[in-house]
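2 protein chains.
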Amino acid sequence: MKSSKDFLSGTLRTIILALLKEHGKMYGYEICQLTAKLTHEEILLTEGAIYPALHKMEKQGLLVSSKVKVNGRTRKYYELNQESLPEVAQEIRLLLDFSQHLKNLLKPAL
Amino acid sequence: MKSSKDFLSGTLRTIILALLKEHGKMYGYEICQLTAKLTHEEILLTEGAIYPALHKMEKQGLLVSSKVKVNGRTRKYYELNQESLPEVAQEIRLLLDFSQHLKNLLKPAL
DNA sequence: AATACATACCTAATTCTTTTATGTATAAAG
DNA sequence: CTTTATACATAAAAGAATTAGGTATGTATT
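Line by line, the protein sequences give chains A and B. The first sequence begins at 3 in our numbering and counts up one residue at a time. The second sequence begins at 3 in our numbering and counts up one residue at a time.
The structure is reproduced here in structure tokens:
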């Protein structure tokens, strides 16, 4: 049986960007936790997906990272590169639009 | 730059199922056209994606097909296997829920 | 007659993301 | 002292979709 996670493909990157846009600096583990909390454990980002995604976006110049030691553990904070803000906003809008189209397509079938 | 099509992954199968559930028998080309029309050309299903998806779902027993010759051209109609109707309805509901969660996550960032 | 466009199907190679499965290391809780 | 939570990372494999081809018929244009 399908589950919520099967729909995640393609949206992971945009979810991360949206959370960073709203919350400023965040670290990977935190992004996973917050997403789970906000969706009542229905959207669960896996670490195997999120870390490579963060690394890629940093390499692309969308994100900037900084390491901080907290309680003996290292956190790697990411934040949006301010220059990419318009692009990020546009991407979020696109996904929201897509989401709305999806709703229009699926709703009548129920 | 990202475009709408980058978000399609994972949702293609469910879109097809929803259209078949609402419209009864449809053929591949028709599904592409209708989706384009309903979304004002924003969600464009490609034939390279849709035909393999249809074949797979038929093999899985979710769909049943029948060939019809119309104006010299062959159409292959697909319809839902009635037995899989509850499962399909559930999958559509899941994607709608996911879509709502997505909205909740992204909206605050705009 | 020739050309292009729309209809209608199909598949194969490549690309890309994500899953699954690990691995490392520290702190707190039982 | 063992488990759970925190926090990072990577690598192999799976899977879906894109890109790019191919076949064939009907209709419209030039």
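Where a beta carbon is used, it is the ideal one built from N, C-alpha and C, also for glycine. Here the structure is a predicted model, which is why all the values come from computation and not from measurement.
I want to see whether chain A comes within less than 7 angstroms of residue i, judged by CB atoms only; does it?
| i | result |
| --- | --- |
| Ile94(B) | yes |
| Leu65(B) | no |
| Lys105(B) | yes |
| Lys27(B) | no |
| Glu24(B) | yes |
| Lys58(B) | no |
| Lys61(B) | no |
| Leu14(B) | no |
| Leu82(B) | no |
| Lys71(B) | no |
| Lys78(B) | no |
Answer yes or no: the CB of residue i versus the heavy atoms of the ligand FAD, is any distance below 6 angstroms?
| i | result |
| --- | --- |
| Thr16(A) | This structure lacks the ligand FAD; in fact it carries no ligand of any kind. |
Would DSSP call residue i helix, strand or coil?
| i | result |
| --- | --- |
| Lys69(A) | strand |
| Thr76(A) | strand |
| Glu1(A) | Residue 1(A) lies beyond the range of chain A shown here (3 to 112); nothing can be said about it. |
| Leu64(A) | coil |
| Leu10(B) | coil |
| Leu112(B) | coil |
Cα-Cα, which of the options is closest to residue i?
| i | options | result |
| --- | --- | --- |
| Ala55(A) | Glu89(A), Ser101(A), Gly12(A) | Gly12(A) |
| Tyr31(B) | Tyr53(B), Met59(B), Lys71(B), Lys105(B) | Tyr53(B) |
| Leu87(B) | Lys58(B), Asp8(B), Leu64(B), Ile33(B) | Leu64(B) |
| Thr16(A) | Phe100(A), Lys78(A), Val72(A) | Phe100(A) |
| Lys69(B) | Tyr29(B), Met59(B), Lys39(B) | Tyr29(B) |
| Lys78(B) | His42(B), Ile33(B), Ile45(B), Ser5(B) | Ile33(B) |
| Met59(A) | Glu89(A), Ser6(A), Val72(A), Asp8(A) | Glu89(A) |
| Glu81(A) | Val66(A), His103(A), His42(A) | Val66(A) |
| Thr41(B) | Leu10(B), Lys4(B), Glu85(B) | Leu10(B) |
| Lys105(B) | Ser5(A), Ile45(A), Glu49(A) | Ile45(A) |
| Lys61(B) | Ser5(B), Asn83(B), Asn73(B) | Asn83(B) |
| Ser5(B) | Gln102(B), Glu43(B), His103(B) | Glu43(B) |
| Gln14(A) | Lys39(A), Lys27(A), Thr48(A) | Gln is not the amino acid found at residue 14(A); the sequence shown has Leu there. Comparing Cα-Cα distances from Leu14(A) to each of Lys39(A), Lys27(A), Thr48(A), the minimum goes to Thr48(A). |
Counting only C-beta atoms, is residue i closer than 7 angstroms to chain B at any point?
| i | result |
| --- | --- |
| Ser68(A) | no |
| Ile18(A) | no |
| Ser86(A) | no |
| Leu108(A) | yes |
Going along the chain, which residues of the region 29–56 of chain B sit with their C-beta nearer than 9 angstroms to a C-beta in chain A? Among the residues of the region 29–56 of chain B, those with a Cβ less than 9 angstroms away from any Cβ of chain A are Thr37, Leu40, Thr41, His42, Glu44, Ile45, in the order of the chain.
Is it true that the region 89–98 of chain B meets the region 102–112 of chain A, where meeting means three or more beta-carbon pairs spaced less than 8 angstroms apart? A contact exists between the region 89–98 of chain B and the region 102–112 of chain A.
Taking three-plus beta-carbon pairs below 8 angstroms as touching, is the region 15–24 of chain A in contact with the region 10–29 of chain B? Too few Cβ pairs lie closer than 8 angstroms, so no.
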